[in-house]
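In my numbering, each residue carries its 1-based index in the sequence shown increased by 462. Glycine residues also receive a C-beta, built at the ideal position from the N, C-alpha and C atoms. Since we're looking at a predicted model, the values are computed, not measured. See below for the structure under consideration.
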Amino acid sequence: MLKESFAAITAGAVGAEADMEKAMGNSMERLVAGLGEAAAAPGGQGAARRMAAALPADRALELQALAAAFGSSSEDMAGRLLGAAIADAWDALDDGQMLRATRACRRLLDDGSA
């Protein structure tokens, strides 16, 4: 679902969606392979931040089921899954998209809101 949403947002270059499909998945695969193991703080190093995200009811239920199945809270599981999806999304950016995203990140850091 995140793949489709991110592809819709970033599609602009010819074949961007196909390239993204090929590139996405490495972080998610590592996360899924390690489910059930003791996990570090969501997002790895650095302080965790709380952010709100709306999920369709069926995805919320699936999130709760994953958390219950692997001994995690829904918040922790959501953070781990979203963190992996974000890492995969950054890996899938083409040069132009990477430049835009990096500039946006720098602006957020400079504004002190990040």
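Exercise for the section: Identify the continuous alpha helix (DSSP H) that holds ASP553 and give its terminal residues. Expected result: 536–554
Nearest-angstrom Cα distance between GLU524 and GLY574?
-> 35 Å
Reduced DSSP secondary structure (H/G/I, E/B, other) of LEU517: Coil.
Check your understanding: Which residues mark the beginning and the end of the alpha helix (DSSP H) in which ALA563 is found?
Key -> If you look at ALA563, you'll find it in the alpha helix (DSSP H) that goes 557–573.
Query raised in the report: Do GLY558 and PHE532 have their C-beta atoms closer together than 8 Å?
Result: no
With a Cβ-Cβ cutoff of 8 Å, do ALA509 and GLY541 count as a contact? It is not a contact, given that the beta carbons lie outside the stated cut-off.
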